[in-house]
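In our numbering, the protein residues as written are 3 to 255.
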Amino acid sequence: MSTKSNKHKSQKTERLQKYMARAGVASRRASEKMIENGRVQVNGRTITEMGVKVNPQRDKVMVDGKPIKLAKNSAVYIMLYKPRYIISSTKDNEHGRRTVMDCVKIDERLYPVGRLDYKSEGLILLTNDGNLTHKLTHPSFNHEREYHVLLEEHPSQDTLRRWRKGGFEVDGKPVQPMNVVPISSDRPGWLRVILKEGRNRQIRKIAEILNNHVIGLNRVRFGTLKIGNLKPGAWRHLTQREVIALKMSVKHQ
3 MSTKSNKHKS QKTERLQKYM ARAGVASRRA SEKMIENGRV QVNGRTITEM
53 GVKVNPQRDK VMVDGKPIKL AKNSAVYIML YKPRYIISST KDNEHGRRTV
103 MDCVKIDERL YPVGRLDYKS EGLILLTNDG NLTHKLTHPS FNHEREYHVL
153 LEEHPSQDTL RRWRKGGFEV DGKPVQPMNV VPISSDRPGW LRVILKEGRN
203 RQIRKIAEIL NNHVIGLNRV RFGTLKIGNL KPGAWRHLTQ REVIALKMSV
253 KHQ
């Protein structure tokens with residue numbers, strides 16, 4: 003552990019909050035808060051100041067009394083809360099709009115899994131794991147995607163019934179049945195929509211078919227991953243447990 007640059011260049015060090023983020027503890031900003039609150043120990047010493055550097059191979063880092071460590075592979079798995087008006091691609095050659103990669107500035111080349119349209123927000127997975135990406139994006143991928151959707155008009159019970167039943171044609175193909183329920187009586191117009199297929203703008207198109215209009219759409223879950231309390235534009239590395247659960251979920255696909 004060091005508060006200055008390491009004299010031994012062969013021993014790579016990095017800022018404590020960056021290491022915590024890479025280990026999937028929290029985003030860098032949230033990790034800094036945890037450090038300030040005295041929740042982090044390095045080699046038995048409680049750290050409360052910024053600027054401390056650690057060597058992941060040498061130093062023992064604990065958060066709330068539990069040791070943390072990096073996953074034992076070179077693949078990178080990042081959960082991003084995509085804000086609205088950001089495109090879910092690595093670049094936009096046609097219009098020059100901001101992309102998800104403008105939110106996550108790291109050296110590794112990553113690719114988005116589970117895209118969201120330009121006006122939507124919520125959970126996006128970014129990874130360089132080509133095998134996992136293939137399994138998650140293959141048509142046979144049958145994992146749930148959960149959205150919180152705000153409609154322009156509060157839907158009737160008949161509209162909800164028709165939506166749940168599915169069968170609407172979107173892009174020339176009928177959509178599968180889905181789970182659609184109001185979130186709560188205190189939030190009129192808000193629905194929880196859970197589906198198992200990822201058609202382009204599917205929820206928005208179904209709302210139009212049912213003579214309504216989506217004015218807010220937030221993906222809060224993708225398979226086993228949940229957005230939790232991540233804020234728009236923030237990101238974090240997946241924990242080792244999340245990576246294992248995600249891989250297990252597609253093991254037999």
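In this text, a Cβ means the ideal position worked out from N, Cα and C, and glycines have one as well.
Keep in mind it's a predicted model, so treat the numbers as computed, not measured.
**According to DSSP, residues forming a beta bridge with proline 69** = For the purposes of this step, residue 69 is taken as residue 67 along the sequence shown, with counting starting at 1. Answer is Met64.
**Message:** Quick check on DSSP: helix, strand or coil for histidine 152?
**Reply:** Along the sequence shown, read from residue 1 onward, the residue named residue 152 stands at position 150. Rather than histidine, the amino acid found at residue 152 in this sequence is leucine. Leucine 152: strand per DSSP, three-state reduction.
**Message:** Would glycine 225 and histidine 145 be called neighbours here (beta carbons separated by less than 8 angstroms)?
**Reply:** Numbered from its first residue, the sequence shown carries residue 225 at position 223. Numbered from its first residue, the sequence shown carries residue 145 at position 143. Cβ distance < 8 angstroms, so glycine 225 and histidine 145 count as in contact.
**Message:** With the cut-off set at 8 angstroms, would you say leucine 72 and alanine 25 are in Cβ contact?
**Reply:** Here residue 72 is taken as the residue at index 70 of the sequence shown, counted from 1. Here residue 25 is taken as the residue at index 23 of the sequence shown, counted from 1. Yes.
**Asked** With 16 other CB atoms within 10 Å as the buried threshold, where does valine 78 fall?
**Response** Along the sequence shown, one-based indexing puts residue 78 at 76. It counts as buried.
**Boundaries of the alpha helix (DSSP H) in which methionine 22 is found, first to last residue** = For this step, residue 22 is matched to residue 20 along the sequence shown. That run of the alpha helix (DSSP H) goes 18–24.
**Item:** Beta-carbon contacts of lysine 9 that lie in its chain and below 6 angstroms, excluding the five residues immediately before and after
**Value:** Numbered from its first residue, the sequence shown carries residue 9 at position 7. Per-residue confidence for lysine 9 stands at a pLDDT of 42, beneath the threshold of 50, marking its modelled position as unreliable; the derived number appears in the next sentence. So no residue of the chain qualifies.
**Request:** Specify whether the region 211–224 and the region 113–127 touch according to this definition: at least 3 beta carbon pairs, one from each stretch, less than 8 angstroms apart.
**Result:** yes
**Prompt:** How would you label threonine 15, buried or exposed, when you count the other beta carbons within 10 angstroms and need 16 or more for buried?
**Reply:** For the purposes of this step, residue 15 is taken as the residue at position 13 of the sequence shown. So threonine 15 counts as buried.
**Message:** I'd like to confirm the pairing. Which residues does DSSP put opposite phenylalanine 224 in its beta bridges?
**Reply:** Here the question's residue 224 lines up with position 222 in the sequence shown. BP columns for phenylalanine 224 point to Arg147, Leu227.
**Asked** Going by C-alpha distance, which of Glu148, Ile185, Leu134, Lys207 is nearest phenylalanine 170?
**Response** In the sequence shown, the residue the question calls residue 170 occupies position 168. Ranking the options by Cα distance to phenylalanine 170, first place goes to Lys207.
**Prompt:** Taking the alpha carbon of asparagine 181 as the point to measure from, which residue in Ser158, Arg164, Gly174 has its own alpha carbon closest?
**Reply:** One-based indexing of the sequence shown puts residue 181 at position 179. Ranking the options by Cα distance to asparagine 181, first place goes to Arg164.
**Request:** Specify the secondary structure class of methionine 81 as computed by DSSP and reduced to three states.
**Result:** Looking up residue 81 in the sequence shown gives position 79. Methionine 81: strand per DSSP, three-state reduction.
**Item:** Simplified DSSP state of leucine 112, which is helix, strand or coil
**Value:** Position 110 of the sequence shown, counted from the first residue, corresponds to residue 112. Here leucine 112 sits in coil by DSSP.
**Asked** CB-CB under 6 angstroms to valine 42, same chain, minus the five flanking residues each way: which ones, in chain order?
**Response** Position 40 of the sequence shown, counted from the first residue, corresponds to residue 42. Closer than 6 angstroms at Cβ, skipping near neighbours: Met36, Ile49, Val65.
**Option nearest serine 76 by Cα separation, candidates Leu248, Asn130, Arg194** = By 1-based counting over the sequence shown, the position of residue 76 is 74. Considering only alpha carbons, the answer is Asn130.
**Proximity to arginine 100 [Cα-Cα], best of Arg111, Leu112, Pro85** = Residue 100 sits at position 98 when you count from the first residue of the sequence shown. Closest by alpha carbon: Pro85.
**Prompt:** Measuring CB to CB, does isoleucine 205 end up less than 8 angstroms from valine 216?
**Reply:** Looking up residue 205 in the sequence shown gives position 203. Looking up residue 216 in the sequence shown gives position 214. Yes. Within cutoff.
**Prompt:** Between arginine 47 and glutamine 178, what straight-line distance do the alpha-carbon atoms span, to the nearest angstrom?
**Reply:** Within the sequence shown, the letter at position 45 stands for residue 47. Within the sequence shown, the letter at position 176 stands for residue 178. Approximately 55 angstroms, taken between the alpha carbons.
**Prompt:** What residue does the alpha helix (DSSP H) around glycine 132 start on, and which one ends it?
**Reply:** As a first step, residue 132 must be located in the sequence shown, where it is residue number 130. Unbroken alpha helix (DSSP H) run through glycine 132: 132–139.
**Request:** Whole angstroms is fine: what's the gap from valine 115's alpha carbon to alanine 247's?
**Result:** Numbered from 1 along the sequence shown, position 113 holds the residue referred to as residue 115. Numbered from 1 along the sequence shown, position 245 holds the residue referred to as residue 247. Near 16 angstroms, if we compare the C-alpha coordinates of alanine 247 and valine 115.
**Message:** Can you tell me where the beta strand (DSSP E) holding glutamate 123 begins and where it ends?
**Reply:** What you label residue 123 is simply residue 121 of the sequence shown in a count that begins at 1. 123–129 is the extent of the beta strand (DSSP E) around glutamate 123.
**Spatially closest choice to tyrosine 113 from Val102, Leu128, His239, Ser29, by CA coordinates** = By one-based count along the sequence shown, residue 113 stands at place 111. With distances taken between Cα atoms, tyrosine 113 lies closest to Leu128.
**Candidates Arg30, His156, Asp160: closest to aspartate 188 by CA position** = In the sequence shown, the residue the question calls residue 188 occupies position 186. Among Arg30, His156, Asp160, the Cα nearest to that of aspartate 188 belongs to His156.
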